[in-house]
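Going from the sequence shown to the working numbering is simple: count from 1 and add 20. Positions of the beta carbon are idealized from the N, C-alpha and C atoms, including for glycine. The model shown is predicted, which means the values in this text are computed figures rather than measured ones. Right, one structure below, let's go through it.
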Amino acid sequence: VHVNRIWRDHLGRGLVPTVANFGRSGARPTHPELLDWLATEFIRLGWSQKELHRLIVTSTAYRQTASSDSAKLAADPGNVLLGAWQPRRVEGEVLRDSTLAVANKLNPKMFGSPSAVAPQGDGSVITSDDAAGNRRSIYLIVRRSQHLTMLDLFDTPMMEINCVERNSSTVPLQALAMLHGSFAERSAVALANQILATSPPDEAARLRFAYRLLFTREPKPTETAAITEFLAAAANDQLGTKAATATDDERTEAHKAAWVQAALVLLNSNEFLYVR
């Protein structure tokens, strides 16, 4: 059962689709031999969850491409046979922690008292923007009446119900939170400041640094061209009618503001939000 749950967390669906029901009324395993082998490997590896995670994420099933062909789609439209990777959005906790990490704001402190959450006048629940509030999501205090708003939006289960399998929704409020929410805006500012402070003073080098940080790869030439054009347009928008007569200080501030917008765009990209 435990092996099936870990497989489900990585691949999006368990080898037994009914992860909480292995009985007669549950679904039959799609790959019974694989499930048995994983269970025996789990035992052989000393019941180490870390080794089991490593085994799954280094497998061919996990590392394959999301692209498929018409023959595969016709034979297996639901991808039950694992013929292609099924893109899935990261969990709310992973998204929050990853955003804090790339913004260089994540507090790696372990153990100790939980981090507090604070209800706001508009009904939202947030954490403080300091070391105590920027710890990993696993250390956030959880109360039935005070669910962190960002995690709620990204399908983190409620305490009031017994949840054996998370939903994964795509709704407009998620995009609005990542584009206009205070957490996303603060993170974009911190990410932009980090890019400007730690990379060489030219746009190509800054873009390479940003892509390595967020996506662990180099930007493609088309991406470099598109974001360079975006930065120039955003800086001009910041200057407005003063674009032709702006001082060096004003141009510098406009350039910083443009990078904040670019950082926000990168944080909202599918490559950052989805496991692909």
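Measuring only the C-alpha atoms, how far is residue i from residue j?
i: Val137; j: Leu168; result: 7 angstroms
i: Thr80; j: Ala266; result: 55 angstroms
i: Met178; j: Gly201; result: 21 angstroms
i: Arg108; j: Glu185; result: 14 angstroms
i: Asn187; j: Gly34; result: 14 angstroms
i: Phe62; j: Gly143; result: 45 angstroms
i: Asp175; j: Thr147; result: 18 angstroms
i: Thr190; j: Asp96; result: 24 angstroms
i: Arg28; j: Lys262; result: 55 angstroms
i: Lys276; j: Val114; result: 28 angstroms
i: Asn213; j: Leu126; result: 15 angstroms
i: Val295; j: Gly98; result: 18 angstroms
Between residue i and residue j, how many whole angstroms is the CB-CB distance? I'm expecting something under 8 angstroms.
i: Ala208; j: Ala197; result: That pair is no contact at about 13 angstroms.
i: Gln194; j: Leu173; result: 5 angstroms
i: Thr78; j: Trp105; result: Thr78 to Trp105, Cβ: 14 angstroms. No contact.
Label residue i either buried or exposed according to how many other C-beta atoms from any shown protein chain fall within 10 Å of its C-beta, with 16 as the threshold for buried.
i: Gln69; result: exposed
i: Gln166; result: exposed
i: Ile247; result: buried
i: Ser157; result: buried
i: Arg155; result: buried
i: Trp67; result: exposed
i: Trp279; result: buried
i: Gly112; result: buried
i: Thr60; result: exposed
i: Ala94; result: exposed
i: Asn182; result: exposed
i: Leu101; result: exposed
i: Arg237; result: exposed
i: Thr272; result: exposed
i: Met170; result: buried
i: Ala217; result: exposed
Leaving out the 5 sequence neighbours to the left and right, which residues in its chain are closer than 7 angstroms to residue i when beta-carbon positions are compared?
i: Ile161; result: Pro134, Ser135, Ala136, Val137
i: Ala47; result: Val36, Pro37, Thr38
i: Val21; result: Phe42
i: Glu71; result: Leu65
i: Ala305; result: Here the chain covers residues 21 to 296 and nothing more, so residue 305 does not appear.
i: Pro239; result: Leu227, Arg228, Tyr231
Return yes when at least one heavy atom of the ligand GTP lies under 7 angstroms from the C-beta of residue i, else no.
i: Asp29; result: Although the ligand GTP was asked about, the structure shown includes no ligands whatsoever.
Within a Cβ cutoff of 6 angstroms, which residues of the same chain sit near residue i, ignoring the five residues on either side of it in sequence?
i: Glu291; result: Phe235
i: Ala274; result: Ala255, Gln258, Leu259
i: Ala152; result: Ser135
i: Ser88; result: Ala104
i: Glu270; result: none
i: Asn23; result: Residue 23 is actually Val in this sequence, not Asn. So the list reads Leu58, Ala59, Phe62, once near-sequence residues are dropped.
I'd like the list of long-range same chain contacts for residue i, defined as Cβ closer than 8 angstroms, with 5 residues on each side in sequence excluded.
i: Leu75; result: Leu58, Glu61, Leu65
What are the uninterrupted segments assigned as alpha helix (DSSP H) that are 4 or more residues long and contained completely in the stretch 259-288, given in chain order? 268-287
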